[in-house]
Structures are given as structure tokens and as C-alpha cells.
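In the numbering used here, the protein residues as written are 32 to 421.
Idealized CB from N, CA, C, for every residue including glycine.
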Amino acid sequence: MAEQIRTLHTETIAAIEQRQALAAEARSAIIAALRNRLICRPGCEDALATWGLAPLPHRWTVSAGAQLSHTRTHAGLGEAREQARFGVPDELRLLEPAMAVYPRHVIDVTPAPPENGQPDPRRYRITVQVTVQTWVTTTREAQALGAAATIVESHLPALADAGISLTGLRWQGTDGPDDLPVDDIATEAPPVSGAVQLTGVDDLPAATAARDAAMQDLGALRRSIRARAIRALVDDEIGGCYQRTAERVSEFLVDLGLAGLPRAHHVTVVADVTLRLAAGTVPEACDAARDVMRTITTDSPDEARPWTAYGWAVPEHATVDQDGWRVPWRHEYDMWLRGHATSADATAAAEVLVRNDLTRALADVEHTPITLTANVEGAGVDLYLDPDRD
32 MAEQIRTLHT ETIAAIEQRQ ALAAEARSAI IAALRNRLIC RPGCEDALAT
82 WGLAPLPHRW TVSAGAQLSH TRTHAGLGEA REQARFGVPD ELRLLEPAMA
132 VYPRHVIDVT PAPPENGQPD PRRYRITVQV TVQTWVTTTR EAQALGAAAT
182 IVESHLPALA DAGISLTGLR WQGTDGPDDL PVDDIATEAP PVSGAVQLTG
232 VDDLPAATAA RDAAMQDLGA LRRSIRARAI RALVDDEIGG CYQRTAERVS
282 EFLVDLGLAG LPRAHHVTVV ADVTLRLAAG TVPEACDAAR DVMRTITTDS
332 PDEARPWTAY GWAVPEHATV DQDGWRVPWR HEYDMWLRGH ATSADATAAA
382 EVLVRNDLTR ALADVEHTPI TLTANVEGAG VDLYLDPDRD
């Protein structure tokens, strides 16, 4: 049993690490597609949300109240107070990352203590209530305050060396978010911190449940990534030539370690047949032919009929026949067939499908032998994909 539990632990950790790696790779890949202008920002954001991954980073403006104190030389007390209302030390404007300081009201202006034992009546110690602003890039607003505090605190030692103090910081909130320019969004996935630790799974049932849950999480992310990618293709979220776009989507999936999109042969089949129908006139005979063939006309492929099909009568070639008419009919099938190694195999399979479909439809109608002309238009990613099944 101990060996079984160790094996389950190994499988659990492997599944968790695979999911972490897949999540990081998928986020990196979808952001790279955004930067390469292959997808739009809303589509990228929706994919990340659907997969439960961190959203795109945004730019936040974060504000805080504080007291700014510094010593400066002025001609007199009046000038010192006037400058304190509107100006701040030049050192604040040169900070990187940038930080802006806006005076609100003057708290105190007093002569500065003697420097090196020598008083200087022109030097004043100025204390002002200010608003501090800085700008941070984070994925979530909750992270913005902490990131802003880190920036400001990193500047305090350098400001102190210049005789400037910033105290009593009270973070007030954020403004935004503002979209970060696409080219400024990093594609590199952040490193996963620390090794996976398992706790409370020291007996066989708990270890089994943990392994199953980890495998389910991994499988769910794989299915979600695949389904969302196919949905973008099916719903024409990604513009351009279908096959070129489909190949890019397939390559995206393969690069993530998932199976590529299913491939198929594109086959068209033209069926020519003459129907013998009881009717008084050619228009009546053509209407009767349409009624017969309506059951095998479709523009919605499904599992039972993986094609679109439509047809038409050729009234100019209709001929009278006893108490009715012989009406030529042409029916065209357009289908994508999977699972065939060669074009010849796909052609043969398409002819069988079409002949069976026509035979069922014409079981009670007198007609001439059916002539089929099949042609393979090409091969590539199947045109008809189902996000839930493919």
C-alpha cells in the first residue's frame, strides 16, 4: 500500500505540474498571437477568462496622501510659503519609475536648523500635505496598491539622501484600468514558484482522490483550450482564408502539446438522373421532381449527412413519356470526409454515400441509372468542426 500511495503522489504531482506548464504556455501563446495581430484584444481576454488564467495586464494610476518635507533656500518667509504651495523639489521629477507629487496645502514653513553649526536665515524647512501618484502595470486591481507602495518605498532612501522626506503615506485607491499597448505586453510566462507540496493525502483513498482531481483539472484545461480555439475558428472570430487560419489554430494547439485539428478531404459529387413523373405539363413535372428531391436537400451537415446538397431540374431537356414526363435532375453534393489516406479512398467513400442517399430518396420513383461525377477539391482542416466533440 505504501508503494501505491507513493505512485499516486508521483502521478498527482506530475499532473499538477503539467497543468501549471500548460497554463503558462497557453497564456504566453495567446498573448503572442495578440501581439502579432492574429487575434483581437477582446478575443484574447475572453480566452484567458474561459481558461481561468490571469488576465492581460493593465495600467493603473495609484494615489496616496502624504507629508512632504524638504529644506530649500528662499529670499524670505513669504517666498518660501509661496513656493511651497506650488512647487516641489526637482529630484522628485527625475525618479524612475516615475512618481508625481502635487502640493495640496502648506502645513509648516520654519527656519531650518543650523547647518554645520552655521545658521542661514535664507534656508527654510517646508512641510506640505501632498498627493502622490505613480503608475503600475498589473493583471488585477488588487495587486496595484502593493506594487505602487513598493515603487514609492524604493525611492525613499534616495530622497532621504537629498534631504527630502515623504511620510504618513495613506494609499487612497486606483484609477483605471487603462489598456496597455499591445507591444508592451510581455509574452514570457512568469515562473512557477516552489515545488508542488501534497498535504493530507497519506492514506490510499485520499491519495487516489487527489490524483483523480489533478488529472481532471489537467484534462479540463486541455479541453477548454481546444474548445475555445475551435470556437474562434467556427464563429469566424479570426478573419482571413479559412484554411490558412485553421492551420494557424492547429499549429497553436500542437505547440501546446495538444492534437492538431482533424483533417479531411473536400469532395464534390455531381449526380445526374432522369425521373419519370406523372404530370400534365413540364412545370408540373419539375415541381413534382423538386418535391421528390426536397428530402435530400440540406445546407446543414450533421453526422448522418456530412454534406450540403441541392439540386435542380433541367426543364428544357424534359421529354413527354406516355401519361407523364421524363425530367432530368442534377444534384450536387459538397462534403468533407475524414479518415481517408488518399484522395482515391475519399472519392470512393463519397460516391458510396451519395449513391445510398439517392437510392433511398428514389426508392418509389421510376428513374434512369444514376450517373456520378466525383472530384476531390483538396485536403486540409475539416471545414465542419464541433467545439464540443473535436
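So, helix, strand or coil for residue i, using DSSP?
i	result
Asp215	helix
Pro86	coil
Val132	strand
Gly118	coil
Leu403	strand
Ile327	helix
Glu48	helix
Arg426	Outside the displayed span of the chain (32 to 421) sits residue 426, for which this structure offers no information.
Ala316	helix
Pro332	coil
Gly194	coil
His40	helix
Thr373	coil
Asp206	strand
Val137	strand
Val227	coil
Gln164	strand
Thr92	strand
Taking the DSSP output, what are the residues bridged to residue i?
i	result
Thr102	Arg156
Val412	Arg294
His398	Leu306
Thr378	Bridge partners of Thr378: none, in fact.
Met366	Val298, Trp338
Gly288	Answer is none; Gly288 lacks a bridge partner.
Asp243	BP columns for Asp243 are empty, so no partner.
For residue i, which of the options has the nearest alpha-carbon?
i	options	result
Gly107	Val265, Tyr155, Ala193, Leu123	Tyr155
Gly177	Thr390, Arg201, Ile138	Arg201
Gly199	Gly231, Gln160, Ala193, Arg171	Gln160
Leu292	Asp233, Ala244, Leu416	Leu416
Ala287	Glu122, Pro88, Leu53, Glu42	Residue identity check: residue 287 is Leu in the sequence provided, not Ala. Of the listed residues, the one whose Cα sits closest to Leu287 is Leu53.
Pro418	Val140, Thr276, Ile261	Ile261
Ile61	Val407, Ala85, Asp209, Pro359	Ala85
Ala310	Val385, Arg294, Asp352, Glu278	Asp352
Thr329	Arg321, Ala319, Ala335, Ala340	Ala340
Trp343	Ala193, Pro208, Cys317, Asp121	Cys317
Arg171	Val232, Val93, Val140	Val93
Glu18	Arg336, Ala335, Arg135, Trp360	Past the boundaries of the shown model lies residue 18; the chain is included only from 32 to 421, so the question cannot be answered.
His105	Pro134, Val140, Gln98	Val140
Gly195	Val167, Arg66, Leu99	Before going further, note that residue 195 is Ile rather than Gly in the sequence given. For Ile195, the nearest C-alpha among the options comes from Leu99.
Glu406	Val300, Arg357, Val358, Arg420	In the sequence as presented, Glu is not what sits at residue 406; that position holds Asn. Ranking the options by Cα distance to Asn406, first place goes to Val300.
Gln203	Glu122, Ala97, Leu229	Ala97
Val213	Asn67, Asn387, Ser374	Asn67
From the beta carbon of residue i, is the nearest beta carbon of chain D less than 8 Å away?
i	result
Leu126	Absent here is chain D; the protein component of the structure consists of one chain.
Enumerate in chain order the residues of its own chain whose CB-to-CB distance from residue i is below 8 Å, with the five nearest sequence positions on each side excluded.
i	result
Leu389	Ala302, Val304, Ile327, His362, Ile401
Ala392	Val323, Met324, Thr326, Ile327
Val183	Ala95, Met130, Val163, Thr165, Leu197, Leu200
Ordered along the chain, which non-local residues of its own chain (more than five positions away) have a Cβ less than 6 Å from that of residue i?
i	result
Arg259	Ala78, Thr81
Leu249	Ala46, Gln49, Arg50
Val119	Val132
Glu319	Going by the sequence as given, residue 319 is Ala instead of Glu. Leu308, Ala310, listed in sequence order.
Glu34	none
Ala64	Ile70
Asp209	Arg90
Ala410	His296
Should residue i go down as buried or exposed, given a rule of 16 or more other Cβ atoms within 10 Å for buried?
i	result
Phe117	exposed
Thr181	exposed
Pro236	exposed
Thr169	buried
Val383	exposed
Met32	exposed
Ala394	exposed
Leu368	buried
His186	buried
Cys272	exposed
His297	buried
Leu190	buried
Excluding sequence positions up to five away, which residues of its chain have a Cβ less than 7 Å from the Cβ of residue i?
i	result
Val137	Arg112, Ala115, Arg116, Val159
His398	Val304, Thr305, Leu306, Arg307
Ala245	Thr43, Ala46, Ile47
Arg135	Gln160, Val161, Thr162
Leu252	Arg50, Leu53, Ala54, Trp82
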